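>
2 protein chains.
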Amino acid sequence: MRNQNRPRHSQKVKSDFAIVFDLDGTLVDSVYEHVISWKRAFADEGLHVPGFMIHNKVGMSGRLMVRQVLRETRQRVSLKKMKAIEELHKSYFSRMLPLVGTLPGAQALLDRLSSVGVRWAIGTGGDRKAVAAQLKSLRIPDSVPVTTGDDVAEAKPEPEIFMVAAERLGVRITQSIIVGDSVWDLLAACRGKALGIGLLSGGYCSSDLERAGAYRVYKDPADLLTHLEELGLPAD
Amino acid sequence: MRNQNRPRHSQKVKSDFAIVFDLDGTLVDSVYEHVISWKRAFADEGLHVPGFMIHNKVGMSGRLMVRQVLRETRQRVSLKKMKAIEELHKSYFSRMLPLVGTLPGAQALLDRLSSVGVRWAIGTGGDRKAVAAQLKSLRIPDSVPVTTGDDVAEAKPEPEIFMVAAERLGVRITQSIIVGDSVWDLLAACRGKALGIGLLSGGYCSSDLERAGAYRVYKDPADLLTHLEELGLPAD
């Protein structure tokens with residue numbers, strides 16, 4: 000008889016640990032498209048925000064990002080305008096989607112985890128529509144839980160997204176490995192008492208990720224794939 | 000009688016040291032537009048290059064960038080295709096120029112240096128046409144030397160661009176402060192035995208810039224402006 004707690008995409012669970020992946024900058028190469036889309040959105044509302052100030056906030060929820068950027072640049076706008084900026088970003092980003100591909104090794108890493116019996120899920124702050132569009136470039140089994148910003152009350156750096164994702168795998172967050180490219184992922188991992196792993200593929204540097212609590216930092220999914228044993232996971 | 004060694008934009012030279020500024024990511028907010036333009040250019044030629052791999056090479060000459068990216072992603076293309084990628088990048092970048100503004104405090108910093116008698120110049124690897132287009136957003140006195148990639152044989156990280164820029168100010172590179180946002184600027188400063196200063200406004204992190212030899216790292220030109228004394232320069 001089938002164990003209902005086991006994910007359907009893997010018949011043979013070989014590890015007590017599960018992995019929850021962030022999406023943007025971790026599995027798909029979308030961070031720079033987000034930066035430009037946010038920059039355009041702010042500019043349309045008369046706000047000039049330098050790219051680097053946006054970049055180091057990608058991974059936060061859209062709402063938090065806008066509030067933080069406004070505070071940092073000492074600008075104030077109405078709530079209506081803040082919402083308009085969020086909508087503009089979504090619109091600009093959807094137009095850039097053709098440029099967004101998977102990161103090196105992303106598909107191979109996910110396939111390998113499934114085949115060696117390590118449960119995995121995706122937990123991302125993006126809204127359901129944008130996430131669905133980006134997941135088209137990856138082959139994700141229907142059974143893999145995908146938790147988005149629309150599914151939770153508290154966005155990253157709160158750990159709720161990762162916590163819900165782990166629960167859907169039937170694993171506690173404290174038994175999970177969280178893989179992300181931004182300090183917000185690692186802060187969320189830290190708050191959830193999960194093991195945090197950083198990837199450089201979102202453009203953060205290793206020392207920022209390490210200082211934010213990353214146990215290990217790899218270049219991209221391909222590099223992580225060659226180091227599964229370092230995380231105490233079966234590799235084949 | 001006028002001292003011909005003194006720059007025309009400042010009647011009163013008060014410091015033996017001069018400053019040579021990089022342009023992209025240092026005075027103008029163009030790094031993320033360069034990343035997207037390169038990504039599009041590579042994609043048009045059938046090469047998928049992740050944004051972060053491009054980002055950490057912005058500041059190199061276009062030719063070096065293309066060669067390095069190809070080696071890193073283990074792809075080979077003809078010389079003709081490499082040149083086509085460079086041209087495509089220029090074309091895409093020129094279309095994104097309306098989004099490129101000055102970085103916070105850039106104009107105020109340059110104006111202050113002129114008024115307190117610190118000589119300064121611009122030394123950038125960009126081609127003359129792109130540089131001229133970007134300088135439109137800044138008020139640069141005609142007398143300020145602007146050295147571009149078209150003026151020298153060896154691009155960054157060779158120190159030639161900065162060396163020529165300093166010479167045009169009548170100052171040796173060893174008596175110059177080089178301000179840049181990338182590790183290539185700092186490697187060039189190091190090779191030229193100049194004092195290197197890093198800015199975070201190109202999206203590199205402080206530890207990468209410090210490890211590449213930055214004497215100090217500031218957030219952006221506005222932050223550098225409030226710390227001129229730290230560099231042993233007159234501030235008012």
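The listed protein sequences correspond, in order, to chains A and B.
Positions 0 to 235 (numbering that gives the first Met the number 0) are the ones given, in order, by the first sequence.
Positions 0 to 235 (numbering that gives the first Met the number 0) are the ones given, in order, by the second sequence.
Glycine residues also receive a C-beta, built at the ideal position from the N, C-alpha and C atoms.
Only a predicted model underlies this, so the values are computations on that prediction, with no experimental measurement involved.
Counting along the chain, where does the alpha helix (DSSP H) carrying B:Tyr-31 start and finish?
Residue 31 of chain B sits at position 32 when you count from the first residue of the second sequence. Taken as a continuous stretch (DSSP letters only), the alpha helix (DSSP H) holding B:Tyr-31 covers 30-43.
> Quick one: what does DSSP say A:Ile-196 is sitting in, helix, strand or coil?
Here residue 196 of chain A refers to the residue found at position 197 when the first sequence is read from its first residue. In this structure, A:Ile-196 counts as strand in the three-state DSSP scheme.
> Would you please verify whether the beta carbon of A:Ile-196 is less than 7 angstroms from any beta carbon of chain B?
Translated into the one-based positions of the first sequence, residue 196 of chain A becomes position 197. No, A:Ile-196 does not count as interfacial toward chain B.
> Indicate whether at least one CB of chain A lies closer than 7 angstroms to the CB of B:Leu-230.
Counted from its first residue, the second sequence places residue 230 of chain B at position 231. For B:Leu-230, no CB of chain A lies under 7 angstroms from its own CB, so it is not counted at the interface with that chain.
> Taking only beta-carbon atoms, is B:Asp-28 less than 7 angstroms away from chain A?
On the second sequence, position 29 is the one that residue 28 of chain B refers to. True, the Cβ-Cβ gap to chain A drops below 7 angstroms.
> Determine the contact status of B:Leu-185 and B:Ala-211, defining contact as a CB-CB distance below 7 angstroms.
As a working mapping, residue 185 of chain B is identified with position 186 in the second sequence. As a working mapping, residue 211 of chain B is identified with position 212 in the second sequence. Yes. Within cutoff.
> Tell me whether B:Leu-230 is buried or exposed, calling it buried when 16 or more other Cβ atoms sit within 10 Å of its Cβ.
By one-based count along the second sequence, residue 230 of chain B stands at place 231. Classification for B:Leu-230: buried.
> Give a yes or no on whether the minimum CB-CB distance between A:Phe-92 and chain B is below 7 angstroms.
One-based indexing of the first sequence puts residue 92 of chain A at position 93. It does not: the Cβ of A:Phe-92 has no partner Cβ on chain B nearer than 7 angstroms.
> Check whether chain B comes within 7 angstroms of A:Gly-104, counting only Cβ atoms and requiring the distance to be less than that.
Here residue 104 of chain A refers to the residue found at position 105 of the first sequence. Not one chain B Cβ lies under 7 angstroms of A:Gly-104.
> Give me the residue from A:Phe-41, A:Tyr-91, A:Thr-225 with the minimum Cα distance to A:Val-68.
Here residue 68 of chain A refers to the residue found at position 69 of the first sequence. Considering only alpha carbons, the answer is A:Phe-41.
> What are the boundary residues of the beta strand (DSSP E) that B:Phe-20 is part of?
Indexing the second sequence from 1 puts residue 20 of chain B at position 21. Run containing B:Phe-20: 17-20, per the beta strand (DSSP E) assignment.
> Which of helix, strand or coil does DSSP assign to A:Arg-1?
Reading the first sequence from its first residue, position 2 is the one you call residue 1 of chain A. Note that A:Arg-1 scores a pLDDT of 38, beneath 50, so its modelled location is shaky; the value from the coordinates is reported in the next line. Three-state result, A:Arg-1: coil.
> Mind listing the chain A neighbours of B:Ser-206? Cutoff is C-beta to C-beta under 7 angstroms, in chain order.
Residue numbering aside, residue 206 of chain B sits at position 207 when the second sequence is read from its first letter. What B:Ser-206 touches in chain A: Cys-204, Ser-206.
> Around the Cβ of A:Arg-94, are there at least 16 other Cβ atoms within 10 angstroms (buried) or fewer (exposed)?
To locate residue 94 of chain A, count along the first sequence from 1; it is residue 95. Exposed.
> Return the CA-CA distance between B:Ser-206 and A:Ser-206, expressed in angstroms with no decimal places.
The residue given as residue 206 of chain B occupies position 207 in the second sequence. The residue given as residue 206 of chain A occupies position 207 in the first sequence. Distance between the alpha carbons of B:Ser-206 and A:Ser-206 is about 7 angstroms.
> For the region 149-181 of chain B, which segments carrying the beta strand (DSSP E) assignment without a break, of at least 3 residues, lie completely within its bounds, in sequence order?
175-179
> Name, please, each residue of chain A whose Cβ falls closer than 9 angstroms to the Cβ of B:Ile-35.
Locating residue 35 of chain B in the second sequence gives position 36, counting from the first residue. Within 9 angstroms Cβ-Cβ: Tyr-31, Glu-32, Val-34, Ile-35, Met-95, Leu-98.
> Nearest to A:Lys-38 by CA position, among A:Asp-219, A:Leu-198, A:Lys-56, is which residue?
The sequence position of residue 38 of chain A within the first sequence is 39, counting from 1. Cα-wise, what sits closest to A:Lys-38 is A:Lys-56.
> Which residues in the same chain have their Cβ closer than 6 angstroms to the Cβ of B:Glu-153, if we skip the five residues on either side of it in sequence?
What you label residue 153 of chain B is simply residue 154 of the second sequence in a count that begins at 1. Glu-159, listed in sequence order.
> For B:Asp-23, which beta-bridge partners are listed by DSSP?
Position 24 of the second sequence, counting from 1, holds the residue named residue 23 of chain B. Partner(s): B:Val-27.
> Residues of chain D with CB closer than 7 angstroms to the CB of A:Leu-199, please, in chain order.
Within the model displayed, chain D is absent; protein chains A and B are what it includes.
> If you follow the alpha helix (DSSP H) that B:Tyr-217 is in, where does it begin and where does it stop?
The count along the second sequence starts at 1 and reaches residue 217 of chain B at position 218. Here B:Tyr-217 belongs to no alpha helix (DSSP H); instead the beta strand (DSSP E) covers 215-217.
> State the Cα-Cα distance for the pair B:Thr-72 and B:Arg-111, rounded to the nearest angstrom.
To locate residue 72 of chain B, count along the second sequence from 1; it is residue 73. To locate residue 111 of chain B, count along the second sequence from 1; it is residue 112. Their Cα atoms are separated by approximately 44 angstroms.
> Give a yes or no on contact between the region 14-26 of chain A and the region 70-90 of chain A, applying the rule of three or more CB pairs nearer than 8 angstroms.
With a cut-off of 8 angstroms, the region 70-90 of chain A and the region 14-26 of chain A do not count as touching, because too few Cβ pairs lie within range.
> Just reading off the alpha helix (DSSP H) that B:Ala-221 is part of, what are its end residues?
Taking the second sequence and counting its residues from 1, the one referred to as residue 221 of chain B is at position 222. Start and end: 220-224.
> Looking at chain B, is there any beta carbon in it that lies within less than 7 angstroms of the beta carbon of A:His-226?
Counting from 1 along the first sequence, the entry for residue 226 of chain A is found at position 227. Chain B, which has no Cβ nearer than 7 angstroms to the Cβ of A:His-226, makes this no.
> If I measure Cβ to Cβ from B:Gly-202 and keep anything under 8 angstroms in the same chain, skipping five residues before and after, which residues do I get?
The count along the second sequence starts at 1 and reaches residue 202 of chain B at position 203. Excluding sequence neighbours, B:Gly-202 sits near Gly-24, Val-30, Tyr-31, His-54, Asp-180.
> On the criterion of 16 or more Cβ atoms from any shown chain inside 10 Å, does A:Thr-147 qualify as buried, or is it exposed?
As a working mapping, residue 147 of chain A is identified with position 148 in the first sequence. Buried, because 16 or more other Cβ atoms sit within 10 Å of the Cβ of A:Thr-147.
> Once the 5 residues before and after A:Ser-36 are set aside, which same chain residues still bring their CB inside 7 angstroms of it?
What you label residue 36 of chain A is simply residue 37 of the first sequence in a count that begins at 1. Excluding positions up to five away in sequence, the list reads His-88, Tyr-91, Phe-92, Met-95.
> Quick one: is B:His-47 near chain A, going by C-beta distance under 7 angstroms?
What you label residue 47 of chain B is simply residue 48 of the second sequence in a count that begins at 1. Interface residue, yes.
> Who does B:Thr-123 pair with in a DSSP beta bridge?
Position 124 of the second sequence, counted from the start, is the residue given in the question as residue 123 of chain B. DSSP, once it has assigned bridges, lists no residue as partnering B:Thr-123.
> Please classify A:Val-57: does DSSP put it in a helix, a strand, or coil?
Against the first sequence, residue 57 of chain A aligns to sequence position 58. A:Val-57 sits in a strand when the DSSP states are folded into three classes.
> Which residues does DSSP pair with A:Val-145 in a beta bridge?
The count along the first sequence starts at 1 and reaches residue 145 of chain A at position 146. Paired residue(s): A:Ile-121.
> Are B:Asp-150 and B:Asp-126 close, meaning C-beta to C-beta below 7 angstroms?
Translated into positions along the second sequence, residue 150 of chain B becomes position 151. Translated into positions along the second sequence, residue 126 of chain B becomes position 127. Cβ distance not < 7 angstroms, so B:Asp-150 and B:Asp-126 don't count as in contact.
> Please classify A:Thr-101: is it buried, with 16 or more other beta-carbons within 10 angstroms of its beta-carbon, or exposed?
As a working note, residue 101 of chain A is residue 102 in the first sequence. Buried, by the Cβ-count rule.
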